[in-house]
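Beneath this line is the structure, given in structure tokens, with notes to follow.
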Amino acid sequence: MGKFEVLDHPLIQHKLTIIRNKDCGTREFREVVNEIAELMVYEVCRDMPLEDIEVETPVATAVEKRLAGKKVVVVPILRAGLGMVDGVLELLPAAKVGHIGMYRDEETLQPHEYFVKMPDHLDKREMIIVDPMLATGGSAIAAVDALKKRGAKSIRFVCLVAAPEGVKALREAHPDIDVYAAALDDHLNENGYIVPGLGDAGDRLFGTK
Ligand code: URA
């Protein structure tokens with residue numbers, strides 16, 4: 237079973253409170269979402285595989301460590317996931333970025349992919365899916381499906397605010413992946429919003445209504 241971790245470092249909690257406030261404007265919201273994503277990715281990468289590499293220091297030759305294999309892939313779920321990409325890239329500047337866009341079928345209410353663009357060799361890469369809100373889990377589950385279908389084997393899902401309902405659904409559908417949140421909130425309301433949450437993350441990031 238993959239793990240579920242709430243990364244509740246004091247700096248993360250402090251910054252999350254800033255963006256929960258309904259009076260936090262677009263500019264600050266954007267900045268702080270990226271700051272939280274940057275702080276989270278440090279922990280999200282804690283167990284990434286390493287390999288030996290010989291390095292010549294000015295003093296001696298040594299065998300040291302570097303991240304193993306091909307470049308990490310950061311995968312924002314459109315559109316709100318885009319708000320976390322720059323923060324993640326601060327710590328993983330050489331990472332590739334794959335995009336997943338999904339829409340919800342009006343009849344079945346199931347999410348469907350309308351846009352997926354990934355780098356090659358997903359089977360040899362560490363994948364980090366980012367989406368600020370894990371609500372029902374529907375799009376998270378579909379995003380993991382989309383990556384697995386394309387060969388991905390090692391997947392982490394990173395959100396800012398999770399609802400218990402979404403965590404349960406995602407872990408039941410994909411028990412092998414690791415799930416990280418900055419906060420585990422109380423519940424989903426009848427409109428599908430996380431309570432207390434922070435509202436519609438996409439609208440708040442992009443200044444839309
Ligand atoms: N998506 C959001 O942006 N906010 C929620 O509270 C739930 C889903």
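Counted from 1, the sequence shown has number 253 at position 17 by my numbering; the numbering is strictly sequential. Using N, Cα and C, we set each Cβ at its ideal position, and we do this for glycine too. These numbers were taken from a predicted model, which means no experiment stands behind them.
>> Suppose only complete runs of 4+ residues qualify. What are the alpha helix (DSSP H) ranges in the stretch 349 to 429, listed by chain order?
In response: 374 to 385 and 400 to 409
> Beta-carbon of Ile364 versus every beta-carbon of chain D: anything under 9 angstroms?
Replying inline: In the structure shown, chain D does not exist; there is a single protein chain.
> Between which two residues does the alpha helix (DSSP H) carrying Leu275 extend?
Replying inline: Thr262 to Val280
> In chain order, what residues of the same chain have a beta carbon less than 6 angstroms from the beta carbon of Lys332, not counting five sequence neighbours either side?
Replying inline: Lys307, Val309 and Pro355
> Who pairs with Leu314 in a beta bridge, going by DSSP?
Replying inline: Gly337
> Quick one: Cα of Ala457 to Cα of Ser390, how far?
Replying inline: Lying before the first or after the last residue shown, residue 457 is absent from the chain, which here runs from 237 to 445.
> For the candidate residues Pro368, Glu271, Val397 and His357, whose alpha-carbon lies nearest to that of Ala388?
Replying inline: His357
> Measuring from the CB of Met369, is there a heavy atom of the ligand URA at a distance below 8 angstroms?
Replying inline: yes
> Is the distance from the Cβ of Ala316 to the Cβ of Val352 below 9 angstroms?
Replying inline: no
>> Just to confirm my understanding: we take Lys239, look at its own chain, exclude 5 residues before and 5 after, and list those with CB closer than 8 angstroms. What are they?
In response: Asp414 and Val415
> Under the criterion of a Cβ to heavy atom distance below 8 angstroms, does Leu434 qualify as lining the ligand URA?
Replying inline: yes
> Three or more C-beta pairs closer than 8 angstroms, one from the stretch 248 to 268 and one from the stretch 285 to 300: is that the case here?
Replying inline: no
> Should Gly438 be listed as close to the ligand URA, given that the test is whether its C-beta is under 8 angstroms from any heavy atom?
Replying inline: yes
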